[in-house]
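Per our numbering, the sequence shown runs over residues 3 to 299. Where is the CB? At the ideal position from N, CA and C, for every residue including glycine. Please read all numbers here as calculations on a predicted model, not as lab measurements. Report on the structure given below.
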Amino acid sequence: KRLVTAKNQECQLNYHNHKIYNHIVQYPFKVKSCYIHTDLIILVHSSLDHFNHRQTIRKFLQTNKNWSIVFILGQPSINNKTLENKINYESNLNGDILRMEFVDSYRNLTLKHLSGLWWLIKHCHHDNILNDETIWILKMDDDIFIDEILLKKFLKHLSQLNESENQIYCYRMDNTSPLRDQKSKWYVSNTEYSYNLYPSYCSGWAYLTTIDTIKKLLCPLNHMDLFWIDDVFVTGILRQHTNINLVAINHLFNLNIQILYRWLEYHGQTKWFYLFSQTNNDWYAMQKAYRQRKFLL
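The following block contains the structure:
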């Protein structure tokens, strides 16, 4: 149990009795990423069959000795022994896959998001790991390209400003409305969410914060019903019950895949300004971007 503060109230995080904890399964292998000294823990939401995406992230981001990576996966909707055996082998080999017991689907994204954060504060907050220095957390999707050099510079800049407390740095979404089109996979009924606007929230592509901020973020969870769109719920609905601020760094996100393709086509001769870039799930472009960034160091 740990005491954390949301706004002006204290709450108690009871790891073992919380409803989210029941969805966390660390089988058949232990995740080792939180058992070493680290400055940055990267939580990656990954699809079950994205083996190449995960390996690319390991290859190019795990070379930083003070960065730890954890991939968060659910369960297949139907029994697939071949897929399960491949994931188990990958997990045993790398020790960085966290399995959840729910089906990996859009409707369970909030469970996936919260379970990863809950596991983080339970397993990665003890004296022999953390010290007085800020421990940064990067939550990202597995198809996002990250410029590691810009990320290091950005984290150093934030640390020098000493403005990490109660902040989430992200692509901030303001004044967005629920989709009421029943044909959309993102359809939200009035029963699920009755308001016309969502609170400001972070796009789920990637966001940066600290482990202490995440503890505060989870504080109101005991008293709230879950909403299935994870970025809206976690960094919007849940966050608005705390004193956590969203810091917009929208200018550091590239949402235009053609800009990435053009940078790759010209072999990095054009200037790259972005900390994060969408790849539209184009694994070939993603791994080529990571390789090109390494080459340009």
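Problem set entry | Through-space distance from I59 to V46, alpha-carbon basis | 9 Å
Problem set entry | For C221, the three-state DSSP class (helix, strand or coil) | Correct three-state label for C221: helix.
Exercise. Counting Cβ pairs, one atom from each stretch, are 3 or more of them under 8 Å apart for the segment 197-210 and the segment 181-188?
Worked result: Output reads no: the segment 181-188 does not touch the segment 197-210.
For this session: Per DSSP, which residues does K290 bridge with? Please list them.
Result: Looking at the DSSP assignment, K290 forms no beta bridge with any residue, so it has no partner.
For this session: Count the C-beta pairs between the segment 65-78 and the segment 160-177 that are closer than 8 Å, then say yes if the count reaches three, no if not.
Result: no
Exercise. With L75 and D106 assumed to form a contact (beta carbons below 8 Å), what rounded beta-carbon distance in angstroms separates them?
Worked result: L75 to D106, Cβ: 6 Å. Contact.
Exercise. Near D233, which residues of its chain fall below 7 Å by C-beta distance, leaving aside the five closest residues on each side in sequence?
Worked result: Y203, C204, S205, G206
Problem set entry | Residues sharing a beta bridge with W138, DSSP | L42, T212
Exercise. Taking Cβ positions, are F147 and S279 nearer each other than 8 Å?
Worked result: In this structure, the beta-carbon distance from F147 to S279 falls below 8 Å.
For this session: Could you tell me how far apart the beta carbons of D144 and S49 are, in whole angstroms, since I believe they sit closer than 8 Å?
Result: 7 Å
Exercise. Do three or more CB pairs link the segment 217-226 to the segment 262-270 at distances below 8 Å?
Worked result: In short, these stretches do not touch, since the Cβ pair count stays below three.
For this session: Using the DSSP secondary-structure output, state which residues sit across from L75 in a beta bridge.
Result: R101
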